[in-house]
Amino acid sequence: MIQPISGPPPGQPPGQGDNLPSGAGNQPLSSQQRTSLESLMTKVTSLTQQQRAELWAGIRHDIGLSGDSPLLSRHFPAAEHNLAQRLLAAQKSHSARQLLAQLGEYLRLGNNRQAGHGLYPS
941 MIQPISGPPP
951 GQPPGQGDNL
961 PSGAGNQPLS
971 SQQRTSLESL
981 MTKVTSLTQQ
991 QRAELWAGIR
1001 HDIGLSGDSP
1011 LLSRHFPAAE
1021 HNLAQRLLAA
1031 QKSHSARQLL
1041 AQLGEYLRLG
1051 NNRQAGHGLY
1061 PS
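Next comes the structure, spelled out in structure tokens:
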């Protein structure tokens, strides 16, 4: 289960200076954190054409890490939030594509009334 994310203080970039005990944020991702990110990644890749390597690179870029810097436990909240946002966008896009395909099929069959009903259900 994904835990709620508390964002950084205003004006502070995500993943920077999170409230963790000294040194704790410099640890590698825990297996639970990595599993959580991998689960979100699997969902995103199932809905998009993106590959895992692209997603990892995008996360690193979005949270301000250089390509060779490891993702640490202090980066987890920002990385999880980033992936959750990508998943939400992918789900919306997928739903829109499904609706367009369904409407296209209705129109192809000449069933304009059914297509209109699909746009404006009663």
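The opening position of the sequence shown corresponds to residue 941 in this note's numbering, with each subsequent residue numbered one higher.
From the three backbone atoms N, C-alpha and C, an ideal C-beta is built for every residue, glycine too.
This one's a predicted model, so the numbers in the text were calculated from it and none came from an experiment.
Residue i versus residue j - alpha carbon distance
| i | j | result |
| --- | --- | --- |
| residue 1013 | residue 1024 | 17 angstroms |
| residue 984 | residue 970 | 21 angstroms |
| residue 1009 | residue 1047 | 51 angstroms |
| residue 946 | residue 1022 | Confidence is the limiting factor: at residue 946 the pLDDT is only 45, short of 50, which leaves the residue's position unreliable and the question unanswerable from this model. |
| residue 1049 | residue 1006 | 52 angstroms |
| residue 997 | residue 1035 | 26 angstroms |
| residue 1033 | residue 975 | 25 angstroms |
| residue 982 | residue 1042 | 26 angstroms |
| residue 967 | residue 990 | 28 angstroms |
| residue 1001 | residue 1037 | 28 angstroms |
| residue 1040 | residue 965 | 45 angstroms |
Beta-carbon gap between residue i and residue j smaller than 8 angstroms
| i | j | result |
| --- | --- | --- |
| residue 977 | residue 1020 | yes |
| residue 987 | residue 1030 | yes |
| residue 980 | residue 1027 | yes |
| residue 993 | residue 1003 | no |
Residues near residue i by beta carbon distance below 7 angstroms, same chain, minus five either side
| i | result |
| --- | --- |
| residue 973 | 1013 and 1016 |
First and last residue of the uninterrupted alpha helix (DSSP H) at residue i
| i | result |
| --- | --- |
| residue 1002 | 992–1002 |
| residue 1017 | 1016–1048 |
| residue 975 | 971–987 |
Other residues of its chain near residue i: CB distance less than 6 angstroms, five sequence neighbours each side excluded
| i | result |
| --- | --- |
| residue 999 | 1019 and 1022 |
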